[in-house]
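Protein chains in written order, with UniProt numbering: chain A, 1 to 212; chain B, 1 to 212; chain C, 1 to 212; chain D, 1 to 212.
Glycine is no exception: its CB is placed at the ideal position from the N, C-alpha and C atoms.
What follows is a single structure, written as structure tokens, with notes after it.
Number of protein chains: 4
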Amino acid sequence: MSTTWDVDPAPSGAGGRALTNRGVRTRTALLEAAEAVFAEHGYHDASIVKITEAAKVAQGTFYLYFESKQQVFDELVRDLNRRVRHAMRERSDQGSTRAERERLGFRGYFEFVAEHPALYRIIRQAEIVAPDILREHYERISIGYVEGLRTAMAAGEIGEADPEVVSWILMAIGEMVGARWVLWGESDTVPDDVFDQVMGFVERGLATRGDA
Amino acid sequence: MSTTWDVDPAPSGAGGRALTNRGVRTRTALLEAAEAVFAEHGYHDASIVKITEAAKVAQGTFYLYFESKQQVFDELVRDLNRRVRHAMRERSDQGSTRAERERLGFRGYFEFVAEHPALYRIIRQAEIVAPDILREHYERISIGYVEGLRTAMAAGEIGEADPEVVSWILMAIGEMVGARWVLWGESDTVPDDVFDQVMGFVERGLATRGDA
Amino acid sequence: MSTTWDVDPAPSGAGGRALTNRGVRTRTALLEAAEAVFAEHGYHDASIVKITEAAKVAQGTFYLYFESKQQVFDELVRDLNRRVRHAMRERSDQGSTRAERERLGFRGYFEFVAEHPALYRIIRQAEIVAPDILREHYERISIGYVEGLRTAMAAGEIGEADPEVVSWILMAIGEMVGARWVLWGESDTVPDDVFDQVMGFVERGLATRGDA
Amino acid sequence: MSTTWDVDPAPSGAGGRALTNRGVRTRTALLEAAEAVFAEHGYHDASIVKITEAAKVAQGTFYLYFESKQQVFDELVRDLNRRVRHAMRERSDQGSTRAERERLGFRGYFEFVAEHPALYRIIRQAEIVAPDILREHYERISIGYVEGLRTAMAAGEIGEADPEVVSWILMAIGEMVGARWVLWGESDTVPDDVFDQVMGFVERGLATRGDA
DNA sequence: AATGAATGAGAGTTCATTCAT
DNA sequence: TATGAATGAACTCTCATTCAT
Chain A
1 MSTTWDVDPA
11 PSGAGGRALT
21 NRGVRTRTAL
31 LEAAEAVFAE
41 HGYHDASIVK
51 ITEAAKVAQG
61 TFYLYFESKQ
71 QVFDELVRDL
81 NRRVRHAMRE
91 RSDQGSTRAE
101 RERLGFRGYF
111 EFVAEHPALY
121 RIIRQAEIVA
131 PDILREHYER
141 ISIGYVEGLR
151 TAMAAGEIGE
161 ADPEVVSWIL
171 MAIGEMVGAR
181 WVLWGESDTV
191 PDDVFDQVMG
201 FVERGLATRG
211 DA
Chain B
1 MSTTWDVDPA
11 PSGAGGRALT
21 NRGVRTRTAL
31 LEAAEAVFAE
41 HGYHDASIVK
51 ITEAAKVAQG
61 TFYLYFESKQ
71 QVFDELVRDL
81 NRRVRHAMRE
91 RSDQGSTRAE
101 RERLGFRGYF
111 EFVAEHPALY
121 RIIRQAEIVA
131 PDILREHYER
141 ISIGYVEGLR
151 TAMAAGEIGE
161 ADPEVVSWIL
171 MAIGEMVGAR
181 WVLWGESDTV
191 PDDVFDQVMG
201 FVERGLATRG
211 DA
Chain C
1 MSTTWDVDPA
11 PSGAGGRALT
21 NRGVRTRTAL
31 LEAAEAVFAE
41 HGYHDASIVK
51 ITEAAKVAQG
61 TFYLYFESKQ
71 QVFDELVRDL
81 NRRVRHAMRE
91 RSDQGSTRAE
101 RERLGFRGYF
111 EFVAEHPALY
121 RIIRQAEIVA
131 PDILREHYER
141 ISIGYVEGLR
151 TAMAAGEIGE
161 ADPEVVSWIL
171 MAIGEMVGAR
181 WVLWGESDTV
191 PDDVFDQVMG
201 FVERGLATRG
211 DA
Chain D
1 MSTTWDVDPA
11 PSGAGGRALT
21 NRGVRTRTAL
31 LEAAEAVFAE
41 HGYHDASIVK
51 ITEAAKVAQG
61 TFYLYFESKQ
71 QVFDELVRDL
81 NRRVRHAMRE
91 RSDQGSTRAE
101 RERLGFRGYF
111 EFVAEHPALY
121 RIIRQAEIVA
131 PDILREHYER
141 ISIGYVEGLR
151 TAMAAGEIGE
161 ADPEVVSWIL
171 MAIGEMVGAR
181 WVLWGESDTV
191 PDDVFDQVMG
201 FVERGLATRG
211 DA
């Protein structure tokens with residue numbers, strides 16, 4: 001079920017040129033440094049100097065691997081998207097019932113946020129800095145959701161509803177709760193009682209009219 | 001029930017000094033210009049030059065009324081917060097049943113977004129540029145919600161649940177749906193079928209277990 | 001007979017904005033500094049830092065008055081063009097016979113080169129850096145020549161010939177002799193014997209067939 | 001009559017080391033690439049990357065054959081000088097009378113310019129980039145002229161005059177007319193009427209007083 | 001109250017050259 | 001002989017802020 005954009009592209013240099021092993025290492029170092037720096041300072045206050053310093057390479061080296069500051073950012077957002085989706089899918093696959101998979105998926109998402117607060121902030125900046133890629137990001141997560149929702153509806157496990165709308169609602173909840181209780185909160189994860197409240201709301205929202 | 005931060009503060013100059021009538025006019029012009037410029041270019045690409053040009057004053061004049069670029073931005077976000085809450089409350093007050101008020105509140109929010117897409121973008125930038133004020137923004141909206149939810153729960157109109165968690169869920173849904181169907185969408189408002197789907201989910205989520 | 005491009009344009013800032021007295025002074029300082037720096041280092045090795053240092057202003061100040069390095073250069077070339085033509089015309093106007101005016105014009109040109117070797121080098125660079133403006137430069141000088149040549153032909157003082165072609169020949173000679181004997185030469189001016197040789201060639205070249 | 005600097009020097013590597021066949025091929029490729037790149041972009045905007053890309057070798061390879069960017073440029077100018085002189089001489093040798101040789105020489109020069117506009121631009125840049133070599137360039141052409149002029153004077157074919165001065169005048173005319181009518185002009189060569197005008201001026205200029 | 005000239009640090013980016021393989 | 005990664009200084013240009021009038 002994996003689509004083309006799930007595939008991790010082979011790393012290449014700024015002109016699309018192939019890389020030696022050494023080149024791959026440097027590129028990775030730069031990408032990781034960029035991730036950290038963007039997260040800490042935000043897109044605009046992240047500078048190439050800071051990134052190259054963090055990667056321990058000279059300024060010019062940056063441009064051997066990326067065409068511009070914007071380009072690394074874009075790549076980072078796409079990369080993050082792949083990783084979030086992977087994390088969620090991996091977790092939810094372990095559940096045996098539909099509801100359990102739902103819970104595990106959310107848990108997986110919150111854990112991901114807790115582990116990569118850096119990346120979370122990057123996504124949020126994309127609204128201004130790379131709007132197209134942000135939409136792509138949401139679309140992709142949405143598509144994954146829609147699939148599962150359709151199956152569950154067909155099986156009568158959840159009520160009939162427009163799966164696309166529902167998918168955006170679920171994303172919304174995940175993102176906001178993640179921000180409020182993981183990023184801004186004091187604890188490292190969404191507290192159990194809050195999590196239960198959230199899942200309660202979601203389950204009722206998804207339920208066939210008349211049960212829940 | 002209005003709290004202190006609901007009150008529109010009397011405008012003052014950069015040093016907190018009182019303003020003449022002329023001063024008030026200039027300040028207002030600058031604030032409006034800033035709003036437009038921040039919305040169009042984003043925080044970082046908005047420059048003082050652009051703002052003062054739009055306000056038709058000299059560059060130096062800016063600093064007679066604001067201490068820094070950051071400060072105008074903060075003020076703008078706070079101002080926007082007041083306006084959104086006002087718009088929502090005004091609308092929902094016109095409903096007679098709880099569910100109707102809920103619907104009207106959401107409608108009000110989406111209309112506000114449609115009319116002020118500019119301001120919506122400003123809020124989103126605040127995540128990076130003025131995180132404290134952004135949290136303040138959400139908290140205030142949350143508090144308004146919580147009030148209403150508590151009353152409704154007491155009246156048995158909706159199910160028992162942690163009203164704070166629910167309030168954040170409602171905000172999440174409003175914001176994401178607003179972005180997806182109003183800002184990025186082709187239409188000027190959330191299409192009726194989508195709106196119904198959203199409200200359906202919300203009503204089920206809020207419902208007492210066993211009804212809906 | 002002065003044309004529009006002979007008129008010295010009122011100095012203005014980068015955005016075309018009007019200048020205060022102080023502004024005019026700074027602009028002039030920058031222009032003079034640019035002239036010196038371009039001449040000494042050539043277009044590419046002339047840097048804004050060097051120019052602003054020479055003008056004793058901060059780097060940013062440069063951009064209050066000029067939009068780019070290229071723009072100052074263009075302006076400088078145009079300015080120089082005005083000055084060369086003025087110098088030549090002024091000198092040649094003092095002559096009483098046609099041949100004398102010819103000699104005085106050349107003398108004026110060589111003197112100008114001797115006094116402004118800086119500007120001479122700037123012109124030469126224009127070939128690469130601002131080719132359109134360079135052609136403009138030659139065209140304007142040519143036009144001035146053509147006028148005088150036509151009159152002289154009508155009066156039978158020189159032979160019939162295409163005045164435009166002749167004008168380019170005269171420019172060519174002036175420029176090359178100026179480079180060879182003034183700029184690269186040891187003396188500060190074209191030695192008398194060389195000058196006489198040059199004028200001899202020119203006079204014969206201009207002469208009506210059969211005399212000289 | 002050929003002098004030492006007419007001899008095409010055996011190609012060698014950066015340290016003056018001898019080259020294998022393969023080395024010679026690489027070096028030639030670089031030189032040709034450099035010619036094209038300098039001509040298209042000008043000295044400063046020509047980069048080693050562009051040159052090595054055009055030559056299809058790696059960046060580092062450049063420095064196996066040349067010590068610096070400047071050095072290739074110098075070599076290119078010298079090479080060009082050889083070729084222009086060769087082209088002119090070859091053409092003028094075909095004439096039977098002195099005047100005919102004169103015409104053919106000019107024609108040859110203009111044709112060369114038309115065929116190698118690229119190289120023409122390189123020469124012009126040398127004024128700033130490699131002034132000494134530019135003077136060398138003119139000197140060499142001048143010397144060739146002087147020879148011929150002296151012979152013609154001795155034979156009474158042209159008037160007595162300082163042959164050096166005359167040679168610079170002739171170069172001046174060739175260069176300017178070439179620029180004006182070949183490079184900037186619409187046609188591929190100097191139009192016949194212009195050419196006749198030019199040669200008329202030159203012949204009169206060279207003539208013994210009293211004839212022409 | 002208002003102007004606009006001036007500042008200067010810092011941004012992203014380029015490029016001739018060197019070095020390790 | 002050839003590669004291509006790495007360097008780092010230098011470049012042009014922007015902009016929030018201050019200052020003199």
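Beta-carbon proximity list for residue i, same chain, < 7 Å, skipping 5 on both sides
i	result
residue 174(B)	106 and 109
residue 64(B)	13 and 14
residue 19(D)	11, 12, 13 and 27
residue 81(C)	137 and 140
residue 85(A)	140, 141 and 144
residue 152(B)	98 and 158
residue 58(B)	52
residue 91(B)	104, 105, 107 and 108
residue 168(C)	142
residue 190(C)	110, 177, 181 and 182
residue 21(C)	none
residue 24(A)	11
residue 69(D)	48
residue 112(D)	84 and 87
residue 201(B)	none
Extent of the continuous alpha helix (DSSP H) run through residue i
i	result
residue 79(A)	69-92
residue 160(A)	Premise fails: residue 160(A) is in no alpha helix (DSSP H) and is neither H nor E.
residue 182(A)	Segment: none, residue 182(A) is in no alpha helix (DSSP H) and carries neither H nor E.
residue 56(D)	Where residue 56(D) is concerned, there is no enclosing alpha helix (DSSP H), given that its DSSP letter is neither H nor E.
residue 26(D)	21-45
residue 205(C)	192-206
residue 108(D)	98-115
Cβ-Cβ separation, residue j to residue i (assumed contact under 8 Å), whole Å
i	j	result
residue 62(C)	residue 30(C)	6 Å
residue 207(A)	residue 159(A)	6 Å
residue 43(D)	residue 182(D)	Rounded, the Cβ-Cβ distance is 22 Å, inconsistent with contact.
residue 114(C)	residue 188(C)	5 Å
residue 54(C)	residue 87(C)	No, residue 54(C) and residue 87(C) are not in contact; Cβ-Cβ is about 25 Å, not under 8 Å.
residue 194(D)	residue 194(C)	So it is not a contact: roughly 28 Å between Cβ atoms.
Proximal residues to residue i (C-beta, below 6 Å), its chain only, five neighbours per side dropped
i	result
residue 222(B)	Because chain B spans 1 through 212 in this model, residue 222(B) falls outside it and cannot be assessed.
residue 121(C)	39
residue 199(C)	103
residue 47(C)	none
Proximal residues to residue i (C-beta, below 8 Å), its chain only, five neighbours per side dropped
i	result
residue 212(A)	With a pLDDT of 43 at residue 212(A), under the threshold of 50, the modelled position of that residue is not reliable, and no figure is offered here.
residue 192(C)	none
residue 17(B)	none
residue 116(C)	80 and 83
residue 36(B)	54 and 118
Listed from N- to C-terminal order along the chain, which residues in the region 151-178 of chain A have their beta-carbon within a distance smaller than 7 Å of any beta-carbon of chain B?
-> 161, 162, 165, 166, 168, 169, 171, 172, 173, 175, 176 and 177
Report the residues of the region 106-133 of chain B with a CB closer than 8 Å to any CB of chain A, ordered along the chain.
-> For the region 106-133 of chain B, which is checked against every Cβ of chain A, the residues closer than 8 Å are 121, 124, 125, 127, 128 and 129.
Against chain A: residues of the region 187-200 of chain B by CB proximity under 7 Å = 194, 197, 198 and 200
Could you list the residues in the UniProt domain "HTH tetR-type" (24-84) of chain A with a C-beta less than 7 Å from some C-beta on chain B, going in chain order?
-> 42 and 44
In chain order, what residues of the region 90-107 of chain D put their CB closer than 9 Å to some CB of chain C?
-> none
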